[in-house]
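*Asks:*
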Amino acid sequence: MRLDLLEVCVDPAHYIRWPGGGGFQPVELRVNGRGLIDLVREVELPYAEREYDDRIAAGETAEEVGPRGALAGDYLYPAGCDVFLPSRNLLGEPYRHGFGTTPDDPRNRKSLLLQCTCGITECWFLLATITVNAATVVWSDFCQFHRPWRYDLPTFVFDRGQYEAQLVRA
1 MRLDLLEVCV DPAHYIRWPG GGGFQPVELR VNGRGLIDLV REVELPYAER EYDDRIAAGE
61 TAEEVGPRGA LAGDYLYPAG CDVFLPSRNL LGEPYRHGFG TTPDDPRNRK SLLLQCTCGI
121 TECWFLLATI TVNAATVVWS DFCQFHRPWR YDLPTFVFDR GQYEAQLVRA
């Protein structure tokens with residue numbers, strides 16, 4: 001079985017500063033050499049374009065809706081506190097999103113992979129089921145919390161040792 005490769009990259013030049021002060025250091029997640037946001041953007045683009053077209057057809061203006069397809073891949077990578085150990089987020093701990101959902105909602109069991117560009121993580125975020133086995137870590141069943149879009153991303157299977165080594169802050 002061919003395993004996928006996770007790379008966790010910190011680029012200090014990409015520190016995010018908020019207008020009112022403060023900010024955070026996003027941590028890029030790369031799968032097989034490609035940024036996760038790029039992979040997600042490709043999958044989301046048809047849905048974002050369709051939503052744009054539907055909203056324009058319903059009478060909204062382009063100024064209200066924004067550029068066609070702009071929602072696709074419109075994320076930030078998570079902060080280091082959600083990536084590096086001792087965080088359990090990328091080891092399958094469910095992300096506590098704070099929204100009122102039924103107890104059996106499958107989103108309640110998923111982990112955070114990407115967050116909103118506005119600085120409020122829960123505004124627009126991507127989740128996945130992360131399953132940790134003896135030898136592997138598996139990412140599957142991706143979902144955008146606020147949209148019923150279908151994510152035709154492959155199931156990613158990582159070597160657990162290599163994966164966990166990436167979660168140790170250098």
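The working numbering numbers the first residue of the sequence shown as 1 and each following residue consecutively. We put the CB at the ideal spot given by N, CA and C, even for glycine. Because the structure is a prediction, the values reported are computed rather than measured.
#1: Return the CA-CA distance between residue 96 and residue 82, expressed in angstroms with no decimal places.
#2: So what does DSSP say about residue 81, is it helix, strand or coil?
#3: Take residue 50 as the anchor and find which of 71, 35 and 31 has the nearest alpha-carbon.
#4: Taking the runs of the beta strand (DSSP E) that are 3 residues or longer, which of them lie wholly in the segment 45-117?
#5: Residue range of the alpha helix (DSSP H) that residue 165 falls in?
#6: So residue 142 is in the beta strand (DSSP E); what residue range does that whole segment cover?
#7: Measuring CA to CA, which of 75, 166 and 158 is closest to residue 1?
#8: Taking residue 22 and residue 28 to be in contact with their CB atoms under 8 Å, please state how far apart those CB atoms are, rounded to whole angstroms.
#9: With residue 131 as the anchor, note down where its beta strand (DSSP E) starts and where it stops.
#10: Going straight from the alpha carbon of residue 80 to that of residue 25, what length do you get?
#11: Any contact between the segment 36-44 and the segment 150-165? By contact I mean 3 or more CB pairs, one from each, below 8 Å.
#12: Who does residue 9 pair with in a DSSP beta bridge?
#13: Which word fits residue 172, buried or exposed, when buried means at least 16 other C-beta atoms lie within 10 angstroms of its C-beta?
#14: Just checking residue 109 against the ligand COA - is the residue's beta carbon closer than 7 Å to any of the ligand's heavy atoms?
*Replies:* Well, looking at it:
#1: 12 Å
#2: helix
#3: 71
#4: 111-114
#5: 160-166
#6: 136-144
#7: 158
#8: Not confirmed; about 20 Å, so no contact.
#9: 126-132
#10: 7 Å
#11: yes
#12: 28
#13: In the structure displayed, the chain extends from 1 to 170; residue 172 sits before or after that span and is not available.
#14: For the ligand COA, the structure offers nothing, since it holds no ligand at all.
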